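Just so we're aligned: the sequence shown equals residues 1093 to 1470 in our numbering.
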Amino acid sequence: MNRIKFFRIFVVVVFIPMVGCVDPVTPEFQIEEGLVFIEGFASTAPRASFVTISESAIEFGVKVVNFIEGASVSFENAVSGRTVPLTEVRNTYLAPPDFVVVPGETWKLSIVLANGNRYESTPETILAPVPINEISVRYDTELEFREIYGGKFVPGHAVSISFDDPPADTNNYYWSYRSFENLDYCEKCYEGVFRNGECIPADIPGPGLRYFDYICETDCWRIRFPESVSAFNDQFSNGNTVSNLEVGNLLLYTKENMVVEVQQFSLSPAAYDYYKVLKDIVDNSGGLNAPPPAALIGNLSNPENPDEFVLGRFTAASSSVASIYIERESIQEPPLETREPIVLEPLVGSPYPPPATNTAPCSETRFRTANEPDGWID
1093 MNRIKFFRIF VVVVFIPMVG CVDPVTPEFQ IEEGLVFIEG FASTAPRASF VTISESAIEF
1153 GVKVVNFIEG ASVSFENAVS GRTVPLTEVR NTYLAPPDFV VVPGETWKLS IVLANGNRYE
1213 STPETILAPV PINEISVRYD TELEFREIYG GKFVPGHAVS ISFDDPPADT NNYYWSYRSF
1273 ENLDYCEKCY EGVFRNGECI PADIPGPGLR YFDYICETDC WRIRFPESVS AFNDQFSNGN
1333 TVSNLEVGNL LLYTKENMVV EVQQFSLSPA AYDYYKVLKD IVDNSGGLNA PPPAALIGNL
1393 SNPENPDEFV LGRFTAASSS VASIYIERES IQEPPLETRE PIVLEPLVGS PYPPPATNTA
1453 PCSETRFRTA NEPDGWID
């Protein structure tokens, strides 16, 4: 189970006494057990569409959010009726690798939990993308203040983009990214060994490190995602060129060279309002990895129980993509992540169940891929 500890969550409810118009406001009430959290994205970029489903709980007096396994999840084209099932892969529901949406299409999300509860979104129409003209990065030894690292400024790269805002329409933007770093090993088994695609328990004797690492059988890249929210409305820049707009920070977790793929999404007004409120929440709580002080009600509901609060949102949006390769090997500052020594299972005279091995496959997940990212330099 994927468990995210948090101390309190307040629900953001959208109420306004007007038909066809909503403004997010934030009345407060204490979280309850059994609240469902859903986040979904259907994108024009390959391998970027996903859904996560979680449920609030209290375990041993601690409030947690647990990933919900065994759901039937699908994207549905609201016009053609085409249904695309998603597959559960390590705490995420992933669309097929070749799945993309197309501008002008309308999609919705449908979910049936293992207990029979149903959830669905309102339809989302994909708008035309706005191309990114240029992408650049700037290294800063004091990029961002982080309490988790001793209450200090930490190093990293700021990512900036430039684009031409179309003059005819009001445009709403949301930026995400995927960063790709080479992985040294694909599995780590604590108190166990890797057999038949999983770690199985094994007695590792001695006072030393009680785990084994398994080197990737093929090239493999770790994928990271933003820890903040970046959204923008062209109210004051309509029809102009937007230059050197910072859309994300890449902290120096490792000194591995990496590719950063920035996605610029064109959002509907309702989706922008959601992400704008989410941005305000995250900016006031220390990032997406911090305990969230609030949760958002978006465009999801239980059709069989309209009074149930369903938190989160399904967004279908077009994106333009730009990538940049970043060399980090020569950076002087130490990385934020500490690495344990690599320990390999003995191949000769192994006391563990056969066959002994030092390797593991690069299994495809939302956070790992064997597909070389665009712009990668060996």
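Ideal Cβ positions, reconstructed from N, Cα and C, are used throughout, including at glycine.
Only a predicted model underlies this, so the values are computations on that prediction, with no experimental measurement involved.
Item	Value
On a Cα-Cα basis, can you pick out the residue from L1342, E1419, A1409, G1248 that is closest to P1221?	A1409
Counting only the same chain and skipping the five closest in sequence on each side, list residues whose C-beta sits under 6 Å from that of T1136.	V1192, V1193, S1410, S1411
Can you check which of these residues, P1177, N1209, S1213, S1146, is closest to S1393 by C-alpha distance?	S1213
Taking 9 Å as the cut-off, decide whether the C-beta atoms of I1130 and I1203 are in contact.	yes
With a Cβ-Cβ cutoff of 9 Å, do A1260 and R1230 count as a contact?	no
Check whether the region 1275 to 1295 and the region 1312 to 1328 touch, using three or more Cβ-Cβ pairs below 8 Å as the test.	yes
Distance, Cα to Cα, M1093 vs T1184?	A caution first: M1093 carries a pLDDT of 35, below 50, which makes its placement in the model too unreliable to give a value.
Helix or strand or just coil, what does DSSP make of P1398?	coil
Would you kindly work out how many angstroms separate the C-alpha atoms of F1324 and Y1366, rounded to a whole number?	12 Å
Could you tell me which whole beta strand (DSSP E) segments of length 3 or greater appear in the region 1228 to 1271?	1244 to 1256
Sort C1281, S1148, A1134, D1295 by Cα distance to T1198 and report the nearest one.	A1134
Let me know the secondary structure DSSP gives Q1355 once reduced to three states.	strand
Return the CA-CA distance between P1293 and F1255, expressed in angstroms with no decimal places.	53 Å
Beta-carbon within less than 7 Å of P1395's beta-carbon, same chain only, minus the 5 sequence neighbours each way: which residues are those?	R1210, E1212
Between which two residues does the alpha helix (DSSP H) harbouring I1373 extend?	1361 to 1375
Can you check which of these residues, G1441, G1162, F1406, is closest to I1218 by C-alpha distance?	F1406
Do V1157 and A1163 have their CB atoms nearer than 9 Å?	no
Specify the secondary structure class of D1305 as computed by DSSP and reduced to three states.	strand
Looking at the unbroken beta strand (DSSP E) that takes in F1142, where does it start and where does it end?	1142 to 1151
Report the residue from A1187, N1330, P1247, E1239 whose alpha carbon sits nearest the alpha carbon of T1233.	P1247
According to DSSP, is F1191 part of a helix, a strand, or is it coil?	coil
Whole-angstrom Cβ separation of Y1488 and V1354, contact assumed at under 8 Å?	The requested residue 1488 is not part of the displayed model; the chain covers only 1093 to 1470.
Leaving aside the five residues before and after G1467 along the sequence, list all residues of the same chain whose C-beta is less than 7 Å from its C-beta, in chain order.	V1351, S1415, I1416, Y1417
Note down, one range per segment and in chain order, each alpha helix (DSSP H) of at least 4 residues found wholly within the region 1167 to 1229.	none
Going by beta carbon distance, what residues of the same chain come within less than 6 Å of P1215, once the five residues before and after it are set aside?	A1170, T1198, K1200
Under the rule that 16 or more other beta-carbon atoms within 10 Å means buried, what is F1152, buried or exposed?	exposed
So what does W1045 bridge to, in DSSP terms?	Absent from the model: residue 1045. The displayed extent of the chain is 1093 to 1470, so no value can be given.
To the nearest angstrom, how far is the alpha carbon of R1066 from that of W1267?	Here the chain has residues from 1093 to 1470 only, and residue 1066 is not among them.
Measuring only the C-alpha atoms, how far is P1223 from V1413?	8 Å
Do F1167 and V1154 have their C-beta atoms closer together than 9 Å?	no
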